[in-house]
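A short write-up of the structure that comes next.
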Amino acid sequence: MTEKVDTTAPLLSVTDLSISVPQSRKQSVEVTHGVSFDIEKGGTVGLVGESGSGKSLTSLAIMGLLPKGATTTGSVSFRGGELLGAPNAVMRKIRGAEIAMIFQDPLSSLNPYYTVGNQISEAYRAHNKASRAEAYELTIGAMERVGIPRVKETINQYPHQFSGGMRQRIMIAMALVCRPSLVIADEPTTALDVTVQARVLDLIRELQDETGAGLLFITHDLAVVSTMARDVVVLQNGKIQEQGPTRDVFTRPQSDYTRMLLKATPRLADSRLSPTTTTSIPVPGSQSKDPWEGAKFS
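The end of the sequence shown is residue 298 by UniProt numbering, with every number in the run present.
Below, the structure is given as structure tokens:
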């Protein structure tokens, strides 16, 4: 980025973000209105809501990837520099290097004609001066770190040769190979079964702890966000219904919409009355009596 970094500012600050997309040649429809939240370095914000609530469009606005014809008002500030309206050349330098994204469907996000090793390697070389040999070694390390087995063999395989869970691990490796300051995870476990989902969530947490990256975690699943995010923003029809510390929002919801979502989530349905009896999945062997403190999937 060309702007001077403001070290006192939040890592990411979204302020009064409104997004409109074309509905016809002459009309546009506003799909988000006045969305605001901050993410600190190393912090995690969960963006939750039903399908069509504006979660994914918010993430695309941050990445500068909104569909053609979309317009925005408000501000998206990253490390003190404005992203809305930034030139494409600036955004290309930021995407992947400073802000990375983990998408919901890795099979459609990965290129079927290139090996996974080539795709991770090229993602690194796009933002760093490195020889192919250096990038190859970094790719091996990245794949090993996310738990891909027999890396020296699988590095030469294609996306369709991996299971859904392994493909998502490859996406995580690709997202983190440049050690970005901010990671956006857009429904990263929706298509996975519960056991694989838990392992992927644990992996995201571990790598975030290691790198100190901020995390915007987008999901419709409140039980998942309760284990991932310290702060939460609840969206309905593009508008914030409630936001604040996850524990406060989930145990003392102020919005009827939040209460409805909680009632529809069995593991959280009783947490408003007694947070110490919530059925969120605890850490195996944890001695904590409060599942909101460090609770995680196993």
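Just so it is clear, CB atoms sit at the ideal spot from N, CA and C, and this is done for glycine as well.
Just so you know, these numbers come straight off a predicted model, no measurement behind them.
Spatial distance of residue i from residue j (CA atoms)
{"i": "residue 182", "j": "residue 66", "result": "18 Å"}
{"i": "residue 133", "j": "residue 70", "result": "41 Å"}
{"i": "residue 107", "j": "residue 191", "result": "11 Å"}
{"i": "residue 272", "j": "residue 210", "result": "The pLDDT assigned to residue 272 is 44, lower than 50, so where the model puts this residue is not dependable, and the model offers no usable value."}
{"i": "residue 88", "j": "residue 256", "result": "41 Å"}
{"i": "residue 52", "j": "residue 60", "result": "14 Å"}
{"i": "residue 233", "j": "residue 119", "result": "33 Å"}
{"i": "residue 37", "j": "residue 23", "result": "27 Å"}
{"i": "residue 21", "j": "residue 28", "result": "5 Å"}
{"i": "residue 91", "j": "residue 81", "result": "11 Å"}
{"i": "residue 64", "j": "residue 156", "result": "32 Å"}
{"i": "residue 237", "j": "residue 58", "result": "12 Å"}
{"i": "residue 112", "j": "residue 254", "result": "46 Å"}
{"i": "residue 77", "j": "residue 212", "result": "19 Å"}
{"i": "residue 45", "j": "residue 137", "result": "33 Å"}
{"i": "residue 13", "j": "residue 94", "result": "16 Å"}
{"i": "residue 263", "j": "residue 193", "result": "22 Å"}
{"i": "residue 135", "j": "residue 62", "result": "28 Å"}
{"i": "residue 242", "j": "residue 248", "result": "11 Å"}
{"i": "residue 299", "j": "residue 105", "result": "Not covered by the structure: residue 299. The range shown for the chain is 1 to 298."}
{"i": "residue 161", "j": "residue 149", "result": "13 Å"}
Under 8 Å between C-beta atoms of residue i and residue j
{"i": "residue 121", "j": "residue 139", "result": "yes"}
{"i": "residue 18", "j": "residue 34", "result": "yes"}
{"i": "residue 231", "j": "residue 246", "result": "yes"}
{"i": "residue 217", "j": "residue 198", "result": "no"}
{"i": "residue 47", "j": "residue 235", "result": "yes"}
{"i": "residue 11", "j": "residue 50", "result": "no"}
{"i": "residue 102", "j": "residue 185", "result": "yes"}
{"i": "residue 224", "j": "residue 189", "result": "yes"}
{"i": "residue 187", "j": "residue 227", "result": "no"}
{"i": "residue 159", "j": "residue 116", "result": "yes"}
{"i": "residue 261", "j": "residue 222", "result": "yes"}
{"i": "residue 214", "j": "residue 42", "result": "yes"}
{"i": "residue 15", "j": "residue 74", "result": "yes"}
{"i": "residue 72", "j": "residue 54", "result": "no"}
{"i": "residue 167", "j": "residue 110", "result": "yes"}
Identified DSSP bridge partners for residue i
{"i": "residue 243", "result": "233"}
{"i": "residue 50", "result": "Paired residues: none, contrary to the question."}
{"i": "residue 10", "result": "According to DSSP, residue 10 bridges with nothing at all."}
{"i": "residue 217", "result": "46 and 185"}
{"i": "residue 100", "result": "183"}
{"i": "residue 95", "result": "99"}
{"i": "residue 22", "result": "28"}
{"i": "residue 207", "result": "Paired residues: none, contrary to the question."}
{"i": "residue 15", "result": "75"}
Boundaries (first-last residue) of the alpha helix (DSSP H) holding residue i
{"i": "residue 74", "result": "Segment 71-78 is the beta strand (DSSP E) holding residue 74; no alpha helix (DSSP H) there."}
{"i": "residue 106", "result": "106-109"}
{"i": "residue 172", "result": "164-176"}
{"i": "residue 375", "result": "Residue 375 lies beyond the range of the chain shown here (1 to 298); nothing can be said about it."}
{"i": "residue 155", "result": "That residue, residue 155, is in no alpha helix (DSSP H); it is neither H nor E in DSSP."}
{"i": "residue 121", "result": "116-125"}
{"i": "residue 226", "result": "222-228"}
{"i": "residue 256", "result": "256-263"}
{"i": "residue 59", "result": "55-63"}
Residue i - containing beta strand (DSSP E), residue span
{"i": "residue 30", "result": "28-39"}
{"i": "residue 148", "result": "No beta strand (DSSP E) contains residue 148, which DSSP labels as neither H nor E."}
Whole-Å CB distance - residue i paired with residue j, under 8 Å assumed
{"i": "residue 165", "j": "residue 196", "result": "4 Å"}
{"i": "residue 304", "j": "residue 203", "result": "Any answer about residue 304 is impossible in this case: the structure gives the chain only from 1 up to 298."}
{"i": "residue 96", "j": "residue 127", "result": "6 Å"}
{"i": "residue 174", "j": "residue 123", "result": "5 Å"}
CB contact check: residue i to chain D, cutoff 8 Å
{"i": "residue 264", "result": "Here chain D cannot be found, since the structure has a single protein chain."}
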